[in-house]
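Heads up: the sequence shown begins at 14 in the working numbering, then just goes up one per residue.
In this text, a Cβ means the ideal position worked out from N, Cα and C, and glycines have one as well.
Fair warning: this is a prediction, and the values are worked out from it, not measured in the lab.
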Amino acid sequence: MSPHQEKREDEVIVIKPAWWRQAALTLFLFFVAIFFQALQFSIPFFNMLFLMATIFMAVVASLNLLDQFFAWSRLRIDHKGYSLRAWFRRIELRRDEVEDFLHSEYMRRMLIVVKLTEDAASKRGLPMLEMPFPCTFGRPADEVFQTLRESLGDTGTSAGDSPAE
Numbered sequence: 014m015s016p017h018q019e020k021r022e023d024e025v026i027v028i029k030p031a032w033w034r035q036a037a038l039t040l041f042l043f044f045v046a047i048f049f050q051a052l053q054f055s056i057p058f059f060n061m062l063f064l065m066a067t068i069f070m071a072v073v074a075s076l077n078l079l080d081q082f083f084a085w086s087r088l089r090i091d092h093k094g095y096s097l098r099a100w101f102r103r104i105e106l107r108r109d110e111v112e113d114f115l116h117s118e119y120m121r122r123m124l125i126v127v128k129l130t131e132d133a134a135s136k137r138g139l140p141m142l143e144m145p146f147p148c149t150f151g152r153p154a155d156e157v158f159q160t161l162r163e164s165l166g167d168t169g170t171s172a173g174d175s176p177a178e
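Here it is as structure tokens:
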């Protein structure tokens with residue numbers, strides 16, 4: 014095995030959330046929790062409702078803050094494959110399951126799509142070979158798309174320029 018191949022196997026790329034966007038979301042959630050706590054009505058039902066909303070927003074803000082400190086949400090690219098971890102979703106793809114990364118426009122925003130092999134799609138019970146791959150975490154989609162394409166070993170953009178259907 015050549016030294017270049019050994020280095021390639023040890024190389025790990027981690028894409029984490031943009032810290033300033035996550036900090037802004039945490040701050041916003043804490044402010045919303047304070048706002049709900051400040052509202053007082055003469056009807057006890059509404060006060061209880063706003064108290065539950067305050068608790069919910071405070072818990073979500075705390076979880077988001079912990080996510081920012083401990084980097085739970087991330088995309089990890091290594092020689093084995095792609096590991097996407099978010100709050101409510103976890104996707105692990107081996108390199109041999111990924112055929113290509115494409116991009117599509119959805120509501121005037123760039124959406125990264127992973128094109129799986131037929132075997133991988135059938136094992137996962139997917140009706141189509143393409144599935145959304147929400148891995149930008151507030152970063153520019155073009156940069157993340159380029160990183161994904163380079164990780165496949167294909168730096169050309171001819172196959173990825175056509176939108177996924």
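Short Cβ contact (9 angstroms threshold) for residue i with residue j
{"i": "residue 111", "j": "residue 76", "result": "no"}
{"i": "residue 123", "j": "residue 155", "result": "yes"}
{"i": "residue 126", "j": "residue 101", "result": "no"}
{"i": "residue 49", "j": "residue 66", "result": "yes"}
{"i": "residue 108", "j": "residue 128", "result": "no"}
{"i": "residue 114", "j": "residue 152", "result": "no"}
{"i": "residue 81", "j": "residue 46", "result": "no"}
{"i": "residue 63", "j": "residue 79", "result": "no"}
Contacting residues, own chain, Cβ-Cβ under 6 angstroms from residue i (five flanking each side not counted)
{"i": "residue 178", "result": "Note that residue 178 scores a pLDDT of 43, beneath 50, so its modelled location is shaky and nothing firm can be said."}
{"i": "residue 96", "result": "89, 105"}
{"i": "residue 149", "result": "157"}
{"i": "residue 171", "result": "Residue placement at residue 171 is flagged as unreliable, the pLDDT there being 42, under the threshold of 50; the coordinate-derived value follows with that caveat. The answer is none, since no qualifying residue turns up."}
{"i": "residue 134", "result": "142"}
Cβ of residue i within 9 angstroms of any chain D Cβ
{"i": "residue 76", "result": "Protein chains in the displayed structure number just one, and chain D is not present."}
Spatial neighbours of residue i in its chain, beta-carbon cut-off 8 angstroms, leaving aside the 5 residues before and after
{"i": "residue 61", "result": "none"}
{"i": "residue 130", "result": "109, 110, 111, 112, 142"}
{"i": "residue 132", "result": "110"}
{"i": "residue 160", "result": "26, 28, 90"}
For residue i, the residue or residues it bridges with in DSSP
{"i": "residue 27", "result": "89"}
Cutoff 7 angstroms; reference residue i; Cβ partners in own chain excluding five residues on either side
{"i": "residue 68", "result": "none"}
{"i": "residue 32", "result": "81"}
{"i": "residue 98", "result": "85, 86, 87"}
Check: residue i C-beta below 8 angstroms from any heavy atom of the ligand ADP
{"i": "residue 41", "result": "Annotation note on the ligand ADP: not contained in the displayed structure, which lists no ligands."}
Legend entry - Meets three-Cβ-pair contact criterion under 8 angstroms: the segment 63–79 and the segment 25–42: Remark: three or more beta-carbon pairs, one from each stretch, lie closer than 8 angstroms, so the segment 63–79 and the segment 25–42 are flagged as touching.
Legend entry - At least 3 beta-carbon pairs within less than 8 angstroms: the segment 77–89 vs the segment 27–34: The answer is yes - the segment 27–34 touches the segment 77–89, with three or more Cβ pairs under 8 angstroms.
Inset, instruction - Only counting runs of 3 or more residues, tell me where the beta strand (DSSP E) segments fall wholly within the segment 68–153, in order along the chain. - result: Whole beta strand (DSSP E) segments, 3+ residues: 87–90, 94–98, 103–107, 111–119, 122–129, 143–145.
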